[in-house]
Amino acid sequence: VNPHTHQLKLCDFGSAKVLVKGEPNVSYICSRYYRAPELIFGATEYTTAIDIWSTGCVMAELLLGQPLFPGESGVDQLVEIIKVLGTPTREEIKCMNPNYTEFKFPQIKPHPWHKVFQKRLPPEAVDLVCRFFQYSPNLRCTALEACIHPFFDELRDPNTRLPNGRPLPPLFNFKPQELSGVPPDVVKKLIPEHA
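Residues 1 to 195 (UniProt numbering) make up the sequence shown, in order.
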């Protein structure tokens, strides 16, 4: 994060690729603490929902000050996830990897999110994080749904400034191809009138 502009730069895209539907991928991908459960279950056909899970891991770590799922191995990683989300159902496991047949897991109840984040956090922050963490990849929010979530409403306020008083950097300069196919009502929520 640049302390003057508060611009955030992301790195480590060494494994980034365009996903092609029906084309198998490797399941051993992504740094362990940020690895989506379908990867731990060995899925080779997955979607960008793995990136949404990873985004949730990063956001949770920013809110907690430490990783949410600090597993020492793939199995331990799954244990850490189950401690928070509870044991996945058979259906959820099938959604993550239809070829996975081992269903013997201890039955653990989900840990309430308000107890996971013991600090006083805005309810919008907790709500957004829990939308990233769904076992079924198709139930996770999309990147666009995350961007229009109320947690980010403050960024759409024309009076919002950085802590140092400077204006926000350009946040809404989307390219036409990024917005192609996006319903007009979503674009209206995403991009404020003043932008």
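All C-beta atoms in this analysis are idealised placements derived from N, C-alpha and C, irrespective of residue type, glycine included.
R120 carries a coil assignment under DSSP once its states are collapsed to helix, strand and coil.
With respect to the C-alpha of R131, the residue from T160, G65 and T142 having the closest C-alpha is T142.
Beta-carbon to beta-carbon, P106 and T87 are separated by about 7 Å, close enough to satisfy the 8 Å threshold. Where G74 is concerned, the enclosing alpha helix (DSSP H) starts and stops at G74 to L85. Excluding the 5 residues flanking it on each side, V186 has same chain C-beta neighbours closer than 7 Å at L144 and I148, in chain order. Counting only residues of its own chain and dropping the five nearest sequence neighbours on each side, A125 has a CB closer than 7 Å to the CB of L63 and F151. When DSSP states are grouped into helix, strand and coil, P176 belongs to the helix group. If you look at L168, you'll find it isn't in any alpha helix (DSSP H); DSSP assigns it neither H nor E. Here N97 is buried: its Cβ has 16 or more other Cβ atoms, across all protein chains shown, within 10 Å. For I108, the CB contacts under 8 Å within the same chain, skipping 5 residues up- and downstream, are I82, K83, G86 and T87 in chain order.
Per the coordinates, the alpha-carbon of F174 lies some 20 Å from the alpha-carbon of T55. With contacts defined as CB atoms closer than 9 Å, L68 and V1 fail to qualify as a contacting pair.
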